[in-house]
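To start, the structure itself, in structure tokens.
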């Protein structure tokens, strides 16, 4: 298979996108963070090298099949092209032992490949997450800055692995808190105020006009709304029509009764003890997220120390890349592109 070379002078924007896709994400990192990413890559590569190669497993499988066929030939009837030997024949015993050995070897290799593949995936999970985030997840208009993390402290009588589990348990708790904050209902007072504003706007929209009736002896003008529907026939198409805005008319006619009924519904549905206003949930979420990144930074440091000590532990695949790499995001206005720089390249350089 041959590949055609690209154009000698690509368009400016395509050049920037092409170069950005070719750059190693490690080039965007400060020195200490880049070294952490290199260590992650090396650990994943080392784990991958320990996996038995597919060809080795295939050869073991073929050897077992050959041994099985050899035994079948020794035992089979001559009409099936066999030798019809008895099970206690020395050749049959030797072939049986050889088949058992080949079966054991294949099983060992298969299990080893499964175990070491799982270990490689565990070692690669955080690496893949970090690289994907650096390439596609980092917010535009931000830069990466190194941050120093204080060495994590172990509790009295606590070993490194127990300390890591303590931090991870705290991570789970904080994530549960964030979920609870996001899932909290809004106060009934907020819901009722928003409902009233909605009904008032609906009532105003539904108010009919009697101007033509009074001034010109014409009809009462009821408010109309446009409707669109999809028609499925030989060819899909759209149909449009206008009809009276019945909901808005009801809101205009029975505004107070509608508000009172919705007030009762809100009071029945609301859970003010668990409710959080917009401001309260923003404050609570900000505090929980701040605690979460701090805990994850300490966890990452402790896991790195455990790995240096040779302990069997890997970084979580869902750990925050900023915590793992020892970074923080800095929001800064993008500088104007130089007149000599093409649009694609200027976008690349600003990252």
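Residue numbers (our numbering): 142 to 492. We treat Cβ as the ideally placed atom computed from N, Cα and C, and that holds for glycine. Remember, predicted model here, so these are calculated numbers, not experimental data.
Item	Value
Identify the continuous alpha helix (DSSP H) that holds residue 308 and give its terminal residues.	301-324
Taking only the alpha-carbon atoms, compute the straight-line gap between residue 157 and residue 164 and give it to the nearest angstrom.	In this predicted model, residue 157 has a pLDDT of only 46, less than 50, meaning its place in the structure is not dependable; the value taken from the coordinates is given anyway. Taking the straight line from one Cα to the other gives about 11 Å.
Would you report the Cα separation of residue 442 and residue 369, rounded to the nearest angstrom?	58 Å
Out of 254, 216, 205, point me to the one whose CA is closest to residue 239's CA.	205
With H, G and I counted as helix, E and B as strand and the rest as coil, what does DSSP make of residue 290?	coil
Can the beta-carbon of residue 340 be found less than 7 Å from the beta-carbon of residue 389?	no
Are residue 275 and residue 193 touching if we call contact CB-CB under 7 Å?	no
Give, in chain order, every unbroken run of the beta strand (DSSP E) that is at least 3 residues long and sits entirely within the region 345-383.	365-372
Three or more beta-carbon pairs under 8 Å between the region 463-471 and the region 322-330, yes or no?	no
Roughly how many angstroms separate the alpha carbons of residue 284 and residue 169, rounded to a whole number?	9 Å
Measuring only from the beta carbon, is residue 387 closer than 6 Å to any heavy atom that is part of the ligand ZN?	Ligands displayed in this structure: none; no statement on the ligand ZN is therefore possible.
Output needed for residue 473: all residues of its chain with C-beta closer than 8 Å, excluding positions within five of it in sequence on either side, in chain order.	282, 283, 284
Go through its chain and collect everything with a Cβ distance to residue 233's Cβ below 8 Å, but skip five positions before and after it.	212, 215, 216, 226, 227
Considering only residues of the region 438-481, which uninterrupted alpha helix (DSSP H) runs meet the minimum length of 4 residues and lie entirely inside it, listed in chain order?	462-466
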